[in-house]
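Reviewing the structure listed below.
Residue numbers (UniProt numbering): 1 to 513.
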């Protein structure tokens, strides 16, 4: 039987977390652009949880801008879907199944744009959420705001807000709290800037532009939860058999979740009342600390470890944590080198160490297969944004080489040793296995690796200020250490190099003791 409202009474008897009949009749208070698993697995999860606790009491109208999933599965299941949460919580492995009843209906922007605009007349509407990918918050100057629909997400948002302004005659109490979940820094501020510029380009009158700027609240936000999505075929069927019903929208996520929202006004905070349902939702004046913790401790660790693990023959993050050599490398990198970034900043080291505990727990999740090759996407860009600031900060405070960071950088260089293949793509090779390198600098690295001199390769890369925004070759001992590790990786292999380093470090520590 297919998941629907009709079978909910049976599911309640099985003690599944399911919505009550009352919760399925709550007013529509959220307009959401996007129906992907990240939105369903994090913001919508918290809204459903709040509704079940009687805190928010509002449902979601989803707007699909693409046709990847289509509205039909949602219509057939009456907006219901199952989220399977698997992972660690308080040191224990947990497995939970939740039937989410927060979605009222799903509309296609392409074929139901008038229905989307009609939501602007709903006085209960308060919140707009979005995840239109990193490329969604862009300015298209000639976007037709009166199109059916406008092409861009900012264009669609502006059209909705203009309709709301007109319907409520500019009532300042009828502005919206807008919380983009796109994975870019300062997503709310950037969305606001694009929407405001689009409004000026379309020559809207002063009254609307003033209402747009003063009555609406654009909030920066940070979302953090790994949501792999739909389970593979066999696991999907096994889960459906376990649950006793069919669910075409069933997906899995980790248990950890963070949604940090920057809301400075009392009106915005009041509209985000679902935050009281779970400590994973944080509404605060400034989310920069949460962004730094995630960027440096989780993302930068991924980037430093990516090449070392993958070139050592390890495919996933979980497998790396289970490996004695790579698991030790990752933990030492976090605890010994990266954590020092927080030594004299606004974020206490104790807070950073607590976050490290959650990171290692998440990396070790036995239910997640997070691919290192997937993490290697745009490797150079990630190295610059996430990791170079850590290197520069290390040398700002001390002059010794951060050896594990140097290893990670050497592995990055080796990973980027690639050759052209079909369709203009570039491929690397390790132990006879060919892998795709997806980076903006593949052609440059291919030419660079034609050199027989590792010293020359390392000097060229580390000395490229345009690439890194700084001269890494000028950091005392760094380029030399990278060269040594790169040569050792080629001659002895990744694991042997790391193992030898760890043994030598342990001997030195014992000698000092």
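By construction, the Cβ of each residue, glycine as well, lies at the ideal position given by its N, Cα and C atoms.
| Check | Outcome |
| --- | --- |
| Secondary structure at residue 31, three-state DSSP: helix, strand or coil? | strand |
| For residue 380 versus residue 333, is the C-beta spacing smaller than 9 Å? | no |
| Please classify residue 324: is it buried, with 16 or more other beta-carbons within 10 angstroms of its beta-carbon, or exposed? | exposed |
| Once the 5 residues before and after residue 240 are set aside, which same chain residues still bring their CB inside 6 Å of it? | 246 |
| Just the Cα atoms here: how many angstroms apart are residue 100 and residue 403? | 47 Å |
| Do residue 445 and residue 427 have their beta-carbon atoms positioned less than 9 Å apart in this structure? | no |
| Determine the closest residue to residue 414 out of 311, 363, 319, with distance taken between C-alpha atoms. | 311 |
| I'd like to know whether the C-beta atoms of residue 226 and residue 253 end up nearer to each other than 9 Å. | yes |
| Taking C-beta to C-beta, are residue 176 and residue 125 nearer than 9 Å? | yes |
| Give the range of the alpha helix (DSSP H) segment to which residue 167 is assigned. | 153-167 |
| Are the Cβ atoms of residue 298 and residue 393 separated by less than 9 Å? | no |
| Can you tell me where the beta strand (DSSP E) with residue 89 in it begins and where it stops? | 81-89 |
| On the three-pair Cβ rule with 8 Å, is the region 363-371 touching the region 339-350? | no |
| Check whether the region 116-133 and the region 18-29 are in contact - that is, three or more C-beta pairs closer than 8 Å. | yes |
| Within the region 392-442, note down every full alpha helix (DSSP H) run reaching 4 residues or more, in order along the chain. | 403-415 |
| Helix, strand or coil for residue 284? Go by DSSP, reduced to three states. | strand |
| Check whether the Cβ of residue 172 lies closer than 9 Å to any Cβ atom in chain C. | Annotation note: the requested chain C is absent from the structure, which comprises a single protein chain. |
| If you run the structure through DSSP and keep just helix, strand and coil, what is residue 383? | helix |
| Any heavy atom of the ligand GDP closer than 8 Å to the CB of residue 228? | As presented, the structure is devoid of all ligands, the ligand GDP included, so that no description of it is given. |
| Using 8 Å as the threshold, is the region 33-51 in touch with the region 102-109, meaning 3 or more CB pairs across them? | yes |
| If you reduce the DSSP assignment to three classes, tell me which class residue 259 lands in. | strand |
| Residue 61 bridges to which residues according to DSSP? | 31, 105 |
| Run through DSSP, which three-state label would residue 246 get? | strand |
| Excluding five sequence neighbours on each side, which residues of the same chain lie with their C-beta closer than 8 Å to the C-beta of residue 157? | 33, 128, 130, 178, 191, 195 |
| By alpha-carbon positions, which one of 453, 476, 468 ends up nearest to residue 487? | 453 |
| Considering only the alpha carbon of each residue, which of 304, 119, 290, 397 lies closest to residue 352? | 290 |
| List the endpoints of the continuous alpha helix (DSSP H) containing residue 139. | Element bounds for residue 139: n/a, residue is neither H nor E. |
| Throw me the rounded Cβ distance for the residue 221 and residue 260 pair, which I believe falls under 8 Å. | 6 Å |
| Would you tell me roughly how many angstroms separate the C-alpha atoms of residue 485 and residue 305, rounded to the nearest one? | 14 Å |
| Looking at the structure shown, is residue 189 part of a helix, part of a strand, or coil, going by DSSP? | helix |
| If you count every other CB in all the chains shown that lies within 10 Å of the CB of residue 142, and 16 or more means buried, which is it? | exposed |
| For residue 265, which option in 233, 296, 234, 217 has the closest C-alpha, if you only look at C-alpha atoms? | 217 |
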